[in-house]
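Only one structure is covered here, and it is reproduced in the block below.
Protein chains: 2
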Amino acid sequence: MKDLGPLPLSPDFAEHPAGPGITTATPEVEGITVTFADGASHHFNRYYLRENEVADGVINPITRESEFLIESLPDDLTVGGVEIDGNGALVVTWGPDGHASRHHPGWLHAIATGLWRPGAALPARESWDAASMPEPVSFDGPAVLENDDALTEWLIATEKYGLARLRGLPDIDGTVQRVAERIGTVRSSNFGFLFSVESKPDPDSNAYRSVALPPHTDLGSREVQPGLQLLHCRENTCSDGWSTMVDGMRLSEHMRDTDPDAYEALTTLNWVTSNRHRTSDYRWSGPIIDLDADGVFAEMRNTSFLRAEPDMDAADVPRAYAALRKLMGFASDPAFVCRYPFATGDLVIFDNRRVLHGRDSFNPQGGVRRLQGCYLDRDELYSRLRVLAREARSKG
Amino acid sequence: MKDLGPLPLSPDFAEHPAGPGITTATPEVEGITVTFADGASHHFNRYYLRENEVADGVINPITRESEFLIESLPDDLTVGGVEIDGNGALVVTWGPDGHASRHHPGWLHAIATGLWRPGAALPARESWDAASMPEPVSFDGPAVLENDDALTEWLIATEKYGLARLRGLPDIDGTVQRVAERIGTVRSSNFGFLFSVESKPDPDSNAYRSVALPPHTDLGSREVQPGLQLLHCRENTCSDGWSTMVDGMRLSEHMRDTDPDAYEALTTLNWVTSNRHRTSDYRWSGPIIDLDADGVFAEMRNTSFLRAEPDMDAADVPRAYAALRKLMGFASDPAFVCRYPFATGDLVIFDNRRVLHGRDSFNPQGGVRRLQGCYLDRDELYSRLRVLAREARSKG
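Top line first, the protein sequences correspond to chains E and R.
For the first sequence, our numbering assigns the number 14 to the initial residue and increments by one for each residue that follows.
For the second sequence, our numbering assigns the number 14 to the initial residue and increments by one for each residue that follows.
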């Protein structure tokens with residue numbers, strides 16, 4: 014077929030390489046099966062191909078958002094003809110209207126090989142305990158602020174373990190925001206945009222006292238708990254008040270493997286978590302351990318100091334309390350707890366929906382302990398990892 | 014029993030009235046059954062009562078957050094004795110440690126009558142179509158800014174219909190933020206804290222052009238779509254570009270009642286929604302219509318211009334497209350569409366996870382059209398409605 018010019022744009026911003034090239038494109042009733050030189054093969058539905066043309070009135074070439082109304086296509090949309098043009102693009106002519114669309118072969122290959130999947134650019138999670146995680150995996154803070162390769166390494170560890178530390182950051186107000194915005198948009202809450210964790214005279218949370226905090230997730234009273242928490246230790250001259258981290262994913266596996274009845278109670282019986290405040294009243298009902306549709310650990314909702322009513326049949330309440338007490342016993346068992354001093358200049362990031370954080374009590378007269386923190390949703394981490402991966406891919 | 018002084022604090026900030034009073038409190042193996050003078054009755058689990066005492070070391074009297082470790086209680090926790098004191102409080106003595114706890118009778122009554130449920134202060138949703146909602150239900154903007162009763166009425170309509178309008182607001186930058194903060198914390202996104210909807214020369218979304226926008230939800234590429242969107246019309250001198258609103262809950266009911274097979278496809282087959290941007294890459298996979306565990310409409314995820322790949326078995330793709338095309342046909346059917354001019358000084362709030370919004374195309378040379386908007390999560394609306402309800406209740 015004749016040369017139709019440079020390859021067309023793709024419906025996303027990934028700048029796909031041309032890929033291995035299309036070998037065959039076979040029209041069928043419901044679409045086109047395309048095979049590639051590396052053996053990949055995929056059936057593209059007719060409506061999918063037609064609505065994914067990059068052209069005015071379909072996928073807008075500037076915004077890459079669709080202007081097309083899928084309901085405007087007829088029921089008898091048919092593939093009239095299929096060709097590979099001189100630059101390797103797929104060219105389809107459509108019945109009954111005779112329209113022709115042209116598609117980027119690298120984009121088609123990316124779809125065929127599953128790069129569209131939300132999880133494609135994300136590392137697999139690995140659970141841990143005190144033996145395998147004696148202290149958080151550490152990275153150089155200033156490098157992460159400046160360099161995308163350093164950022165990528167830190168974020169891969171963050172998703173893999175749900176916990177990673179930066180070191181060597183300066184005692185400058187808003188540093189935690191600078192680090193967070195390397196990932197994405199900060200999530201504000203009723204505690205503000207950034208929050209300072211210091212002992213306060215009229216506290217509206219136990220976090221702002223000097224008491225011990227048991228292992229917990231933050232903001233369990235919200236429909237979606239903050240996905241990531243960043244805490245920057247601007248100054249810590251207290252010798253006590255060590256930080257604790259426990260992998261809720263590992264706790265969940267341990268309950269599943271050692272006490273299936275308790276695990277069933279933790280994954281199916283709902284509790285209300287309710288914040289306690291004069292001017293807000295967030296409440297959410299859900300299980301302590303939430304599994305996804307495949308039964309895989311998705312998150313833990315365990316803000317123990319905000320846990321309120323058991324939201325279940327009265328007959329289930331005794332076993333719900335028994336299971337919870339057992340879980341919380343393991344959550345403070347040294348075999349599961351990563352316990353370490355929080356040093357000046359450190360910043361920890363953790364998946365607040367997976368990892369329980371806490372601290373020992375401290376003597377507020379024994380030194381200064383100033384932290385600054387903020388939240389982001391999990392989406393922000395995933396988006397950044399995808400952008401970093403597609404930039405690495407487009408470089409070769 | 015002797016007078017033990019004023020009623021104890023309750024574990025929340027609701028300032029419960031004393032209530033009808035306790036008539037009987039009967040110790041049982043797993044807890045205490047309490048009956049009240051109005052006939053209400055409730056079984057309080059032993060662990061629940063014990064961890065809900067307001068006292069130093071249990072529920073902190075200042076923060077009302079728990080300092081207590083539920084796992085510190087013994088397996089053989091027993092109710093040693095139960096009394097009603099001279100002020101009507103429930104006094105429990107516990108075995109084996111002999112500890113005594115005291116509980117507010119109004120709080121106990123609130124628990125017995127279900128006021129703890131997350132949905133207790135929320136109105137039931139009512140679905141609508143073009144006939145029942147020819148234009149958004151309207152309220153006085155300045156009154157809502159100043160007066161809690163006006164705020165309550167507006168927010169009840171917002172939850173009931175997923176759509177409500179304020180009128181008479183000034184053309185002042187940030188007015189939409191002032192209104193939003195009457196509810197709660199604004200949710201930032203990659204489009205900013207507040208966003209301006211105007212025709213722009215280098216748009217990063219179709220919203221910032223003058224093209225028609227089909228009925229859609231915003232940010233379907235996020236794990237949780239923004240729950241509420243507020244749009245303030247600061248100035249509109251265009252005669253075209255009318256606003257459209259469609260109740261996704263009604264669309265869902267209509268599909269359920271008229272085409273169960275399509276409804277099944279819409280509620281069970283997942284699609285990836287993917288934003289298109291040079292610096293972000295949000296993706297989420299979920300059904301177009303999401304039902305809760307009871308099969309009740311929970312939300313619609315339908316950002317048609319960001320919809321990407323069908324995330325399902327290849328054999329399901331044809332029926333998924335057929336169901337979606339049918340749904341989108343109804344979404345533009347005048348029988349379902351509330352269509353109205355967006356007037357200067359108006360502000361609409363809508364549940365972005367329920368109501369699809371859109372607009373007709375407009376001639377950007379025909380006048381000025383300046384909107385300012387922001388998002389909040391559903392949590393914020395629910396929290397504000399609960400606080401307003403508890404304040405009304407404590408006033409009697």
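Cβ atoms here follow ideal geometry from the backbone N, Cα and C, with glycine treated the same way.
Since the structure is predicted, the reported quantities are computational estimates derived from the model, not experimental observations.
- In this structure, Ser201/R keeps its C-beta atom at 8 Å or more from the C-beta atom of Leu232/R.
- Taking C-alpha positions only, Glu211/E is separated from Ser287/R by approximately 40 Å.
- Under the DSSP definition of a beta bridge, Asp359/R lacks any partner.
- Apart from sequence neighbours up to five positions away, the residues of its chain that approach Lys339/R with a beta-carbon distance below 7 Å are Asp272 and Ala275, ordered along the chain.
- The alpha-carbon of Asp69/R is positioned some 60 Å away from that of Val330/R.
- In the three-state scheme derived from DSSP, where H, G and I count as helix and E and B as strand, Glu312/R is classed as strand.
- Under a criterion of Cβ atoms nearer than 8 Å, the residues of chain E adjacent to Ile124/R are, in order, Glu322.
- Contact between the stretch 115-122 of chain R and the stretch 310-320 of chain R is absent, with fewer than three C-beta pairs closer than 8 Å.
- Contact note: Pro227/R reaches chain E through Leu82, using a C-beta cutoff of 7 Å and chain order.
- Contact of Glu266/E with chain R by beta-carbon distance below 8 Å is absent, the smallest such distance being about 19 Å.
- By the criterion of a C-beta distance shorter than 7 Å, Thr281/E is surrounded in its chain by Pro300, once the five residues flanking it on both sides are discounted.
- Of all residues in the stretch 93-116 of chain E, none is placed with a Cβ closer than 8 Å to any Cβ belonging to chain R.
- Arg367/E sits buried, since 16 or more C-beta atoms from the chains shown fall within 10 Å of its C-beta.
- For Ser407/R, the number of other beta carbons within 10 angstroms of its own is below 16, and it is reported as exposed.
- Taking a C-beta distance under 8 Å as the contact criterion, Asp161/E and Gly181/E do not qualify as a contact pair.
- In the DSSP annotation of this structure, the continuous segment of the beta strand (DSSP E) that includes Gln385/R starts and ends at Arg382 to Leu389.
- Shown in chain order are the members of the stretch 324-338 of chain E whose Cβ falls below 7 Å from a Cβ of chain R: Ala327, Val330, Pro331, Tyr334, Leu337 and Arg338.
- Taking Arg195/E as reference, the option from Arg403/E, Arg397/E and Ala402/E with the minimal CA-CA separation is Arg397/E.
- Burial check for Ser234/E: the Cβ neighbour count within 10 Å reaches 16 or more, so the residue is buried.
- Judged by their CB atoms, Asp359/R and Cys251/R are not nearer to each other than the 8 Å cut-off.
- Annotated three-state conformation of Ala68/R is coil, per DSSP.
- Here Ala405/R has Thr165 as same chain residues with Cβ atoms under 8 Å from its own Cβ, once five neighbours each way along the sequence are excluded.
- In the DSSP assignment, His122/R falls within the unbroken alpha helix (DSSP H) covering Pro118 to Ala125.
- In this structure, DSSP gives Asp329/E a helical state, which the three-state scheme calls helix.
- In the structure shown, Phe81/E adopts coil according to DSSP, grouped into three states.
- Residues of the stretch 359-393 of chain E whose Cβ lies closer than 9 Å to any Cβ of chain R, in chain order: Asp390, Arg391, Asp392 and Glu393.
- Going by beta carbons, Phe57/R and Gly254/R fall outside the 8 Å limit.
- Spanning the alpha carbons of Trp120/E and Pro33/E requires a straight line of approximately 11 Å.
- Excluding five sequence positions before and after Gly240/E, the CB atoms of its chain that fall closer than 6 Å to its own CB belong to Arg366, Asp390 and Arg391, given in chain order.
- Bounds of any beta strand (DSSP E) do not take in Ile301/E, whose DSSP letter is neither H nor E.
- Taking the CA atoms as reference points, Asn100/E sits about 7 Å from Leu20/E.
- Inter-residue distance for Asn283/E and Asp303/R is about 20 Å (C-alpha atoms, whole angstroms).
- Interface flag for Val285/R against chain E is set, since a Cβ pair is found closer than 8 Å.
- Taking 3 residues as the minimum length, the beta strand (DSSP E) runs contained wholly in the stretch 218-244 of chain E are 226-229, in order along the chain.
- Exposure of Val309/R is indicated by the presence of fewer than 16 other C-beta atoms within 10 angstroms of its C-beta.
- One finds Phe26 in chain E with Cβ atoms closer than 8 Å to the Cβ of Arg291/R, taken in chain order.
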